[in-house]
Amino acid sequence: LQVVLGAPDATGRRTVALHTRPEDGHSAWTRHATGTLTPAADAPAFDHTVWPPAGATALPLENVYERLVGRGYHYGPVFQGLKAVWRDGDDIYAEVSLPESAHADALRFGLHPALLDAAMHGDLVDERGEASGETLLPFSWNGVTLHASGATELRVLLRRVRGDEVSAMWVADGTGRPVATVDELISRPVASEQLEASRPGRPDALFRIGWSALPLPQAPASGVVRLAGTADPTGLVTEFADLAALGAAVEAGRRPVPDVVLAPVAGSGADGDLPGAVRSVTSAVLETVRAWLADDRFAGSRLVVVTGGAVAAGARDAVDLAQAPVWGLVRAAE
């Protein structure tokens, strides 16, 4: 989180900007908000000591947060703070609070963010307690003043001043004392597709590897050779005994430097001596990789180490424990 506060101008006003980025430290900063700080105004003259408000109609809230999920609002437990809502014409009264587990955190903020968010939830339900209208998100805040800090419950008055998208807000604590005022809160409709597209990534998404069978080629592969190791199932690729033999052929001009060199891994742990098989297989691969990296003739080529049974391609496939370590070995070399 990065908050940048500008120098005061002649009237004492300061610019402020809020940016965030993931903890990896390499991603770009994303700007979430800009604003202007002004000298404090006088305490507001509203009174929330009489509660609930006289003449307002209570709205049912049973399972309101479950219903809001269908509108694209996914609130965690701390943010599900709406306890009661009343409506009187264009005025919406709401009672919100933090769970006991978050009370200690309230002292860390001027106004706890979950409590501030919940203060706007009363505008999301209609007279039947149903989630109503479009998905609206706060877009612009004007005339925001904080009068007190550390509140754990709030009494909120939201007054629509221009249609459904512009409101004013008066906020008091549980005793009716002023906590915050907002002269103008402008909301904007947003589609769920827009919210999904704005995410930088889905690190918690569930992915799996799907192996696809490929047909065997019908013609010799251009620019590809293979080293001896296992039988060639296609018979279409020129084979050399080892890298030394391939290098000699290149030096003698019998063939150009290949684009790709396949290095099949021979050996299996099925013979009974698994530790010995692991040492034999990994030592042979390590020798090939070292020779490849040391030979400048192949600097523009790609070495493809081909294992057999090193990973399971299907749910019933058995892994060859002598071949499996080759994957880690080659990754380390890369």
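Heads up: the sequence shown begins at 104 in this note's numbering, then just goes up one per residue. Cβ atoms here follow ideal geometry from the backbone N, Cα and C, with glycine treated the same way. Source: prediction; values computed, not measured.
Where does residue i fall in DSSP's three states?
| i | result |
| --- | --- |
| residue 170 | helix |
| residue 161 | strand |
| residue 297 | helix |
| residue 138 | strand |
| residue 432 | helix |
| residue 292 | strand |
| residue 423 | coil |
| residue 336 | coil |
| residue 312 | coil |
| residue 418 | coil |
Using a Cβ-Cβ cut-off of 6 Å (strictly less than) and excluding sequence neighbours within five positions of residue i, which residues of its own chain qualify?
| i | result |
| --- | --- |
| residue 367 | 332, 333 and 409 |
| residue 238 | 174, 175 and 293 |
Could you pull out every residue in the same chain whose Cβ sits closer than 8 Å to the Cβ of residue i, ignoring the five residues on either side in sequence?
| i | result |
| --- | --- |
| residue 429 | 368, 384, 385, 388, 408, 410 and 413 |
| residue 342 | 328, 329, 330, 331 and 335 |
| residue 139 | 116, 117, 118 and 119 |
| residue 370 | 380, 383, 384, 387, 425 and 426 |
| residue 377 | 424 and 425 |
| residue 160 | 189, 190, 191 and 230 |
| residue 353 | 359, 360 and 400 |
| residue 404 | 360, 361, 362, 363 and 364 |
What does DSSP give as the partner residues of residue i in its beta bridges?
| i | result |
| --- | --- |
| residue 277 | For residue 277, which the question treats as bridged, DSSP gives no partner whatsoever. |
| residue 107 | 120 |
| residue 330 | 343 |
| residue 283 | 249 and 274 |
| residue 156 | Paired residues: none, contrary to the question. |
| residue 319 | DSSP output for residue 319 lists no bridge partner at all. |
| residue 185 | 199 |
| residue 133 | 123 |
To which residues of the same chain is residue i closer than 7 Å at the C-beta, ignoring the five residues directly before and after it?
| i | result |
| --- | --- |
| residue 242 | 289, 290 and 291 |
| residue 210 | 253 |
| residue 156 | 189, 191 and 196 |
| residue 240 | 290, 291 and 293 |
| residue 395 | 346, 401 and 406 |
Give the C-beta separation of residue i and residue j to the nearest angstrom, bearing in mind that I take them to be a contact with Cβ-Cβ under 8 Å.
| i | j | result |
| --- | --- | --- |
| residue 96 | residue 225 | Outside the shown range of the chain, which is 104 to 437, sits residue 96, and nothing can be said about it. |
| residue 249 | residue 214 | 6 Å |
| residue 363 | residue 349 | Not quite, the Cβ-Cβ distance comes to about 12 Å (not below 8 Å), so this is no contact. |
| residue 263 | residue 150 | Between residue 150 and residue 263 the Cβ distance is about 20 Å, and since that is not below 8 Å, they are no contact. |
| residue 184 | residue 201 | 6 Å |
| residue 432 | residue 391 | Not a contact, Cβ separation roughly 11 Å. |
| residue 205 | residue 217 | 7 Å |
So with Cβ pairs under 9 Å, would you call residue i a contact of chain E?
| i | result |
| --- | --- |
| residue 435 | The structure shown contains no chain E; it is built from a single protein chain. |
Report the residue ranges of all beta strand (DSSP E) runs contained in full by the region 342–412; include only those spanning at least 3 residues, in chain order. The DSSP assignment places 363–367 and 405–409 as complete runs of the beta strand (DSSP E) inside the region 342–412, in order along the chain (cut-off: 3 residues).
Would you mind listing the beta strand (DSSP E) stretches within the region 188–271 that are 3+ residues and don't spill past its ends, in chain order? Taken in chain order, the whole beta strand (DSSP E) runs of length 3 or more contained in the region 188–271 are 194–200, 239–249 and 256–265.
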